Amino acid sequence: MTVAMTFAHARRMAARPAVLCSALTLAGCAVAPTPSAAPVPAAPSFSTVGLERVMGQPASTLIQLFGQPDADLREGSARKLQFAGRFCVLDAYLYPKEREEPRVTYIDAREPDGSAIDRASCVAALTRREGGR
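Here the sequence shown stands for residues -37 to -1, 1 to 96, numbered as in mature numbering (1 follows the signal peptide of the UniProt record, and there is no 0).
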């Protein structure tokens, strides 16, 4: 090898770390692709089919329909009535609108062990319970 070749070879070898270092530096500046945001699921809508006898009704109508509540809780102007039967437990939440008496705005239903049950099925079952009409 001649001195000129050795010098050229040494320059190429010396340039490799600089090229590698430059490449790594530039790679750090690269923008990673932004993952697309997962779509936000819509809030579940609850059907009121089969709940017409309960939704929007005052406490007196529920008591006529199901008998005396197993629990009657009040907090401020809000009220929660709970009716329990062999097959399910129904919680009715009553809130006043302006100066009117509280009316059912939401109901929740569950089996006695806490597992989910259809709200309309629970209303139907409680209507037939002893004490209900």
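Idealized CB from N, CA, C, for every residue including glycine. Note that the structure is a prediction, hence the values are computed from the model and not measured.
Extent of the continuous alpha helix (DSSP H) to which residue i belongs
i   : result
R82 : R82 to T90
A79 : Premise fails: A79 is in no alpha helix (DSSP H) and is neither H nor E.
S23 : A22 to F29
Closest residue to residue i among the options (Cα-Cα distance)
i   : options               : result
R16 : A55, E38, D76 and L36 : A55
G14 : G77, T68, S78 and D76 : Checking the displayed sequence, the identity of residue 14 turns out to be Leu instead of Gly. For L14, the nearest C-alpha among the options comes from T68.
G39 : D76, G77, E64 and G30 : E64
Q27 : D76, F46 and L36      : F46
6 Å Cβ shell around residue i - same chain, five flanking residues per side excluded
i   : result
C85 : C51, L53 and A72
Sequence-distant residues of its chain with Cβ nearer than 8 Å to residue i (five each side left out)
i   : result
I80 : F50, C51, A72, R73 and E74
Residue(s) in a DSSP beta bridge with residue i
i   : result
Q45 : A34 and D54
Rounded straight-line distance, which links the Cα of residue j to that of residue i
i   : j   : result
A83 : L44 : 16 Å
K60 : I70 : 17 Å
F29 : R62 : 26 Å
A41 : G19 : 14 Å
G77 : D33 : 16 Å
R66 : D35 : 14 Å
L57 : A22 : 8 Å
Element boundaries [beta strand (DSSP E), containing residue i]
i   : result
R73 : R66 to R73
Cut-off 7 Å between Cβ atoms - residues of its own chain near residue i, not counting five sequence neighbours on either side
i   : result
T24 : none
R37 : none
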